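As you go down the protein sequences, you meet chains A and B in turn.
Here the first sequence is numbered in the working numbering, starting from 6 and rising by one per residue.
Here the second sequence is numbered in the working numbering, starting from 6 and rising by one per residue.
Quick reminder that beta carbons are idealized off the backbone N, C-alpha and C, glycines included.
As the structure is a computational prediction, the values presented were derived from the model and not from experiment.
2 protein chains.
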Amino acid sequence: MASQWKMTYFPVKGLGESIRFLLAYLDKEYEDHRFNVEDWPSIKPTTPWGQTPVLEANGQTVTQSIAITRYLGRQAGLCGADAWEDMRIDEIVYVINDLRAELAKYHYEKDEKRKEEVKGTVLSTTAPFYLSRLDAHVKANNGYLANGKLSWADLYFAAISDYLSFMYGSDITAGYPNLTELREKVLALPKIKEWVSKRPVTNV
Amino acid sequence: MASQWKMTYFPVKGLGESIRFLLAYLDKEYEDHRFNVEDWPSIKPTTPWGQTPVLEANGQTVTQSIAITRYLGRQAGLCGADAWEDMRIDEIVYVINDLRAELAKYHYEKDEKRKEEVKGTVLSTTAPFYLSRLDAHVKANNGYLANGKLSWADLYFAAISDYLSFMYGSDITAGYPNLTELREKVLALPKIKEWVSKRPVTNV
Numbered sequence: 006m007a008s009q010w011k012m013t014y015f016p017v018k019g020l021g022e023s024i025r026f027l028l029a030y031l032d033k034e035y036e037d038h039r040f041n042v043e044d045w046p047s048i049k050p051t052t053p054w055g056q057t058p059v060l061e062a063n064g065q066t067v068t069q070s071i072a073i074t075r076y077l078g079r080q081a082g083l084c085g086a087d088a089w090e091d092m093r094i095d096e097i098v099y100v101i102n103d104l105r106a107e108l109a110k111y112h113y114e115k116d117e118k119r120k121e122e123v124k125g126t127v128l129s130t131t132a133p134f135y136l137s138r139l140d141a142h143v144k145a146n147n148g149y150l151a152n153g154k155l156s157w158a159d160l161y162f163a164a165i166s167d168y169l170s171f172m173y174g175s176d177i178t179a180g181y182p183n184l185t186e187l188r189e190k191v192l193a194l195p196k197i198k199e200w201v202s203k204r205p206v207t208n209v
Numbered sequence: 006m007a008s009q010w011k012m013t014y015f016p017v018k019g020l021g022e023s024i025r026f027l028l029a030y031l032d033k034e035y036e037d038h039r040f041n042v043e044d045w046p047s048i049k050p051t052t053p054w055g056q057t058p059v060l061e062a063n064g065q066t067v068t069q070s071i072a073i074t075r076y077l078g079r080q081a082g083l084c085g086a087d088a089w090e091d092m093r094i095d096e097i098v099y100v101i102n103d104l105r106a107e108l109a110k111y112h113y114e115k116d117e118k119r120k121e122e123v124k125g126t127v128l129s130t131t132a133p134f135y136l137s138r139l140d141a142h143v144k145a146n147n148g149y150l151a152n153g154k155l156s157w158a159d160l161y162f163a164a165i166s167d168y169l170s171f172m173y174g175s176d177i178t179a180g181y182p183n184l185t186e187l188r189e190k191v192l193a194l195p196k197i198k199e200w201v202s203k204r205p206v207t208n209v
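1) Mapping the DSSP letters down to three states, classify Y14(A) as helix, strand or coil.
2) Select from the region 94-117 of chain B all residues with a C-beta closer than 7 Å to any C-beta belonging to chain D, and list them in chain order.
3) If you draw a straight line from the C-alpha of S8(A) to the C-alpha of L28(A), how long is it?
4) Between which two residues does the beta strand (DSSP E) harbouring G42(B) extend?
5) I want to verify the contact list: residues of chain A whose CB lies under 7 Å from the CB of A72(B), in sequence order.
6) If you check the beta carbons only, do S23(A) and Y111(A) fall under 8 Å apart?
7) Taking a contact to mean a Cβ-Cβ separation below 8 Å, would you say M12(A) touches Y30(A) in this structure?
8) Which residues of the region 130-142 of chain B have a Cβ closer than 7 Å to any Cβ of chain A? Give them in chain order.
9) Taking the alpha-carbon positions, what's the G55(A) to V67(A) distance?
10) Any C-beta of chain A within less than 9 Å: which residues of the region 35-61 of chain B qualify?
11) Between G174(A) and G180(A), what straight-line distance do the alpha-carbon atoms span, to the nearest angstrom?
12) Between G148(A) and N102(A), which are expected to be in contact by the criterion C-beta below 8 Å, what is the C-beta distance as a whole number of angstroms?
13) Out of P46(A), S166(A) and L194(A), state which residue places its alpha-carbon closest to the alpha-carbon of T185(A).
14) Hey, is the region 124-144 of chain A in contact with the region 65-80 of chain A, meaning 3+ C-beta pairs nearer than 8 Å?
15) Measuring CA to CA, which of K203(B), P16(B), V100(B) and G85(B) is closest to G153(B)?
16) Where do the N-terminal and C-terminal ends of the beta strand (DSSP E) with V67(A) fall, by residue?
17) Taking A158(A) and I197(A) to be in contact with their CB atoms under 8 Å, please state how far apart those CB atoms are, rounded to whole angstroms.
18) Taking 8 Å as the threshold (C-beta atoms), are T207(A) and K18(A) in contact?
19) So the beta strand (DSSP E) E34(A) belongs to, where does it begin and stop?
20) Tell me the rounded alpha-carbon separation between F40(A) and Y14(A).
21) Excluding the five sequence neighbours on either side, which residues of its own chain have a C-beta within less than 8 Å of the C-beta of A132(A), listed in chain order?
22) Identify the residues that DSSP records as bridge partners of K154(A): which are they?
23) What separation, rounded to the nearest whole angstrom, lies between the Cα atoms of A141(B) and V143(A)?
24) Going straight from the alpha carbon of P205(B) to that of E43(B), what length do you get?
25) Give me the Cα-Cα distance between D32(A) and A81(A), rounded to the nearest whole angstrom.
26) By Cβ distance below 8 Å, which residues in the same chain neighbour M6(A) in space, the five residues on each side in sequence not counted?
Right under this line is the structure:
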């Protein structure tokens, strides 16, 4: 039916999982369409901007995972009390997204020699820089990423942490107690816990 | 004085110009602090996340240009009529930001051999893909990037277009009449026109 929401993405958590977390939190019914990797070349030209995830909702097609996650976060009441607080949520989400981009630069590097070079910098300097500052930031923010309270930034972080760990090569929260605790706190939210227990098992 | 807003960035348009555009549109007084490139190593550790632009406002320090631009856009009334429209603004801003990241991947590549390889793909495939779709998108959206009306996405695009053109090697709106017209429309807004006429002349 046309009113049924549908999310299209690779069969992984990756960039789609924050959307799935918010849809679970909202208790929203939707079709979780996961296409096979080999079908991507034929699906890509049908997407608005050559990328997934794509969400079909309210008769429209929307892309860009952070835009969709923010929208759902607002629907769930997981936004700030005002525009300023919203900005602080956005800011920290972009910081985490910057870390994601740095890890991706290393992980998806095809030139093995270059990958080794980048690896040193990313794993020993860039990632620890972000993770240690994020850990201190969470500690200073009452155990959350923004405004001292639960927001969609926290769900975004918990959802994408598996993908970050996959690219990093080990658990990115290990050795960062405040990030570990934050992740566990989000995963203990009843609707998130329910989703994680029933979602397809994937390694990314 | 403490209530004075201050923006700190390199002496270029780059990622800072969309903030400056919005501050101009809002007629907001602020200190436009542009540091010398050679001072960056000493400034970097003093920033919250090792990056600029940094905005000091309301007694707080905020980073991440898109987060700040969105906040100012809301203050200026250049947001959507509802959360859904806000999402469509965010989406298109991220699409443009993806194009920026692709151009940066080519422009900042230090290995000359690799740069030549990436150049072919970026200039003949990736950039035309984004620019032709963006041009058609603007045409279908009443001459704007989102929701058929002026939004902060349009100011973001006009502000960053010089930086995109710099990395691209020529005017990115050339051959794309709807993007050309959109850029001109934004640059003709009285407050933006005033800012552009008085801003420091820089090549990036």
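With the given structure in hand:
1) Residue mapping note: residue 14(A) aligns to position 9 of the first sequence, counting from 1. DSSP places Y14(A) within a strand segment (E or B) once states are collapsed to three.
2) The structure shown contains no chain D; the protein chains it does contain are A and B.
3) For the purposes of this step, residue 8(A) is taken as the residue at position 3 of the first sequence. For the purposes of this step, residue 28(A) is taken as the residue at position 23 of the first sequence. For S8(A) and L28(A), the distance between alpha carbons rounds to 15 Å.
4) The residue given as residue 42(B) occupies position 37 in the second sequence. Note that residue 42(B) corresponds to Val in the displayed sequence, not to Gly. Neither: V42(B) is in no beta strand (DSSP E) and is coded neither H nor E.
5) One-based indexing of the second sequence puts residue 72(B) at position 67. Those are M92, D95, E96 and Y99, listed as they occur along chain A.
6) In the first sequence, counting from the first residue as 1, residue 23(A) sits at position 18. In the first sequence, counting from the first residue as 1, residue 111(A) sits at position 106. No. Outside cutoff.
7) Here residue 12(A) is taken as the residue at index 7 of the first sequence, counted from 1. Here residue 30(A) is taken as the residue at index 25 of the first sequence, counted from 1. No.
8) F134 and R138
9) Reading the first sequence from its first residue, position 50 is the one you call residue 55(A). Reading the first sequence from its first residue, position 62 is the one you call residue 67(A). When rounded, the distance between both Cα atoms is 12 Å.
10) Residues of the region 35-61 of chain B whose Cβ lies closer than 9 Å to any Cβ of chain A, in chain order: P53, W54, G55 and Q56.
11) As a first step, residue 174(A) must be located in the first sequence, where it is residue number 169. As a first step, residue 180(A) must be located in the first sequence, where it is residue number 175. The straight-line gap from Cα to Cα measures roughly 14 Å.
12) The sequence position of residue 148(A) within the first sequence is 143, counting from 1. The sequence position of residue 102(A) within the first sequence is 97, counting from 1. Actually they are not in contact, since the Cβ atoms of G148(A) and N102(A) sit about 21 Å apart, beyond 8 Å.
13) Working through the first sequence from its first residue, we reach residue 185(A) at position 180. Out of P46(A), S166(A) and L194(A), S166(A) has the C-alpha closest to the C-alpha of T185(A).
14) no
15) What you label residue 153(B) is simply residue 148 of the second sequence in a count that begins at 1. It is G85(B).
16) Here the question's residue 67(A) lines up with position 62 in the first sequence. Run containing V67(A): Q65 to T68, per the beta strand (DSSP E) assignment.
17) Here residue 158(A) refers to the residue found at position 153 when the first sequence is read from its first residue. Here residue 197(A) refers to the residue found at position 192 when the first sequence is read from its first residue. With a Cβ gap of about 14 Å, A158(A) and I197(A) do not count as contacting.
18) As a position in the first sequence, residue 18(A) is number 13, starting the count at 1. As a position in the first sequence, residue 207(A) is number 202, starting the count at 1. Cβ atoms of K18(A) and T207(A): closer than 8 Å.
19) For this step, residue 34(A) is matched to residue 29 along the first sequence. Boundaries for E34(A): no beta strand (DSSP E) harbours it, and the DSSP string shows neither H nor E there.
20) Along the first sequence, one-based indexing puts residue 40(A) at 35. Along the first sequence, one-based indexing puts residue 14(A) at 9. If I take the Cα positions, the gap works out to 6 Å.
21) In the first sequence, residue 132(A) corresponds to position 127, counting from 1. Result list for A132(A): L104, E107, L108, Y173 and I177, in chain order.
22) Start at 1 with the first residue of the first sequence, and residue 154(A) comes out as number 149. DSSP lists A151(A) as partners of K154(A).
23) To locate residue 141(B), count along the second sequence from 1; it is residue 136. To locate residue 143(A), count along the first sequence from 1; it is residue 138. When rounded, the distance between both Cα atoms is 43 Å.
24) Position 200 of the second sequence, counted from the start, is the residue given in the question as residue 205(B). Position 38 of the second sequence, counted from the start, is the residue given in the question as residue 43(B). Cα to Cα, P205(B) sits roughly 19 Å from E43(B).
25) Within the first sequence, the letter at position 27 stands for residue 32(A). Within the first sequence, the letter at position 76 stands for residue 81(A). Rounded to whole angstroms, D32(A) to A81(A) spans 10 Å at the Cα level.
26) Mapped onto the first sequence, residue 6(A) falls at position 1. Low per-residue confidence applies at M6(A): pLDDT is 48, beneath 50, and the placement is therefore not dependable enough to give any value.
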